[in-house]
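Right, one structure below, let's go through it.
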Amino acid sequence: DAKTTQPTSMDCAEGRAANLPCNHSTISGNEYVYWYRQIHSQGPQYIIHGLKNNETNEMASLIITEDRKSSTLILPHATLRDTAVYYCIVRVAADSWGKLQFGAGTQVVVTP
Amino acid sequence: NAGVTQTPKFRILKIGQSMTLQCTQDMNHNYMYWYRQDPGMGLKLIYYSVGAGITDKGEVPNGYNVSRSTTEDFPLRLELAAPSQTSVYFCASSYSWVAGGNQPQHFGDGTRLSIL
Chain A
746 DAKTTQPTSM DCAEGRAANL PCNHSTISGN EYVYWYRQIH SQGPQYIIHG LKNNETNEMA
806 SLIITEDRKS STLILPHATL RDTAVYYCIV RVAADSWGKL QFGAGTQVVV TP
Chain B
225 NAGVTQTPKF RILKIGQSMT LQCTQDMNHN YMYWYRQDPG MGLKLIYYSV GAGITDKGEV
285 PNGYNVSRST TEDFPLRLEL AAPSQTSVYF CASSYSWVAG GNQPQHFGDG TRLSIL
């Protein structure tokens, strides 16, 4: 599976958009980009995923560059409850039985 | 639906003791996973199962055993507890991962285990 690179930490003001970058320059054509987050002391929570096209759901938007070597997770209006560690993961669909490989993630702190 | 339920939430063990961490899901998922998370680190896969009667090792299986006799349950067994197994353990489940598939994993709230 392709490895990902994320910043260690970032701050965001409450009510503003939070833009979380992820580099996955070795991504293969059949690998999806997934985002999970982990709020302190809880299990990881699925946010969004995509292959090529930009995706949006009720939680966030995912922007994938045309060459697919990087992506950005956007939280449109960050709240204090969005303070968490955010994980960017790339996954091969067919051969690995859905296993997720977590890195260290980005610690996002939303401040009032 | 309760989702993924893990018990106990907390446990303290003495070195050499054994215990079973319980995980059950009510979503009829056929894939289930056990992860451990050490302080300040990401999750590491211990074991996984793609259906009843089928299990396989993940990244860090040493010191653990699993079984999958039903679709709903996937217990994790520690036979001889060691201090290195002090960690938070998460169970997760998902629908089948098919070619091109995109099924997200659903996680439980974890079991916090200390070995003293």
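So the sequence lines, in the order shown, correspond to chains A and B. For the first sequence, position 25 (counting from the first letter as 1) is numbered 770 according to this note's numbering, and the numbering increases by one without interruption. For the second sequence, position 63 (counting from the first letter as 1) is numbered 287 according to this note's numbering, and the numbering increases by one without interruption. Every residue gets a Cβ at the ideal spot worked out from N, C-alpha and C, and that includes glycine.
Find the residues of chain B that neighbour A:Gln787, judging by a C-beta separation of less than 9 Å, and give them in chain order.
Here residue 787 of chain A is taken as the residue at index 42 of the first sequence, counted from 1. Those are Phe331, Asp333, Gly334, listed as they occur along chain B.
Cutoff 7 Å: B:Phe314 Cβ touching any chain A Cβ:
Translated into positions along the second sequence, residue 314 of chain B becomes position 90. Closer than 7 Å: yes.
With DSSP collapsed to three states, give me the class of B:Leu190.
Look at the range of chain B in this structure, 225 to 340, and you will see that residue 190 of chain B is not part of it.
Using a C-beta cutoff of 7 Å, does A:Ala849 count as contacting chain B?
Mapped onto the first sequence, residue 849 of chain A falls at position 104. Yes, because at least one Cβ of chain B sits closer than 7 Å to the Cβ of A:Ala849.
Starting from A:His822, find everything on chain B with Cβ-Cβ shorter than 7 Å and list it in chain order.
Reading the first sequence from its first residue, position 77 is the one you call residue 822 of chain A. Those within 7 Å of A:His822 in chain B number zero; the least Cβ separation is about 23 Å.
From A:Thr753, A:Asn802, A:Glu759, A:Arg813, residue whose alpha carbon lies closest to that of A:Arg826:
Residue 826 of chain A sits at position 81 when you count from the first residue of the first sequence. Ranked by Cα distance from A:Arg826, the first of A:Thr753, A:Asn802, A:Glu759, A:Arg813 is A:Glu759.
Could you check whether the Cβ of A:Tyr831 sits closer than 7 Å to any Cβ belonging to chain B?
Translated into positions along the first sequence, residue 831 of chain A becomes position 86. False, the Cβ-Cβ gap to chain B never drops below 7 Å.
For B:Ser308, which of helix, strand or coil comes out of DSSP?
Within the second sequence, residue 308 of chain B is the residue found at index 84, counting from 1. The three-state secondary structure of B:Ser308, taken from DSSP, is helix.
Would you say the region 848-857 of chain A touches the region 239-256 of chain B, given that touching needs at least three Cβ pairs under 8 Å?
They do not touch, by the three-pair rule.
So which of B:Val312, B:Gln246, B:Tyr257, B:Met256 has the shortest CA-CA distance to B:Ser338?
On the second sequence, residue 338 of chain B is found 114 positions in, with the first residue counted as 1. Among B:Val312, B:Gln246, B:Tyr257, B:Met256, the Cα nearest to that of B:Ser338 is on B:Val312.
Pairs of beta-carbons, one from the region 269-285 of chain B and one from the region 227-235 of chain B, closer than 8 Å: are there three or more?
Touching, no.
Beta carbon proximity, B:Pro232 to chain A, threshold 7 Å:
Locating residue 232 of chain B in the second sequence gives position 8, counting from the first residue. Cβ-Cβ to chain A under 7 Å: no for B:Pro232.
If I follow the unbroken beta strand (DSSP E) through B:Lys238, where does it start and stop?
Numbered from 1 along the second sequence, position 14 holds the residue referred to as residue 238 of chain B. Looking at the DSSP string, B:Lys238 is not in any beta strand (DSSP E), and its letter there is neither H nor E.
List the residues that DSSP assigns as beta-bridge partners of B:Asp297.
By one-based count along the second sequence, residue 297 of chain B stands at place 73. Paired residue(s): B:Thr248.
Go ahead and pull the three-state DSSP assignment for B:Ala323.
Counting from one through the second sequence, the residue named residue 323 of chain B turns up at place 99. Any answer about B:Ala323 is weak, because its pLDDT of 48 lies below 50 and its placement is not dependable; what the coordinates show is given next. Coil at B:Ala323, not helix or strand.
Assign B:Met265 to one of two classes, buried (16 or more other C-beta atoms within 10 Å of its C-beta) or exposed (fewer than that).
Translated into positions along the second sequence, residue 265 of chain B becomes position 41. B:Met265 is exposed by the Cβ-count criterion.
Taking 7 Å as the CB-CB limit, is B:Pro328 close to chain A?
Taking the second sequence and counting its residues from 1, one reaches residue 328 of chain B at position 104. At least one beta carbon of chain A lies nearer than 7 Å to the beta carbon of B:Pro328.
Residue nearest to B:Lys238 in terms of C-alpha spacing, selected from B:Pro307, B:Gly334, B:Asp297:
Here the question's residue 238 of chain B lines up with position 14 in the second sequence. Cα-wise, what sits closest to B:Lys238 is B:Pro307.
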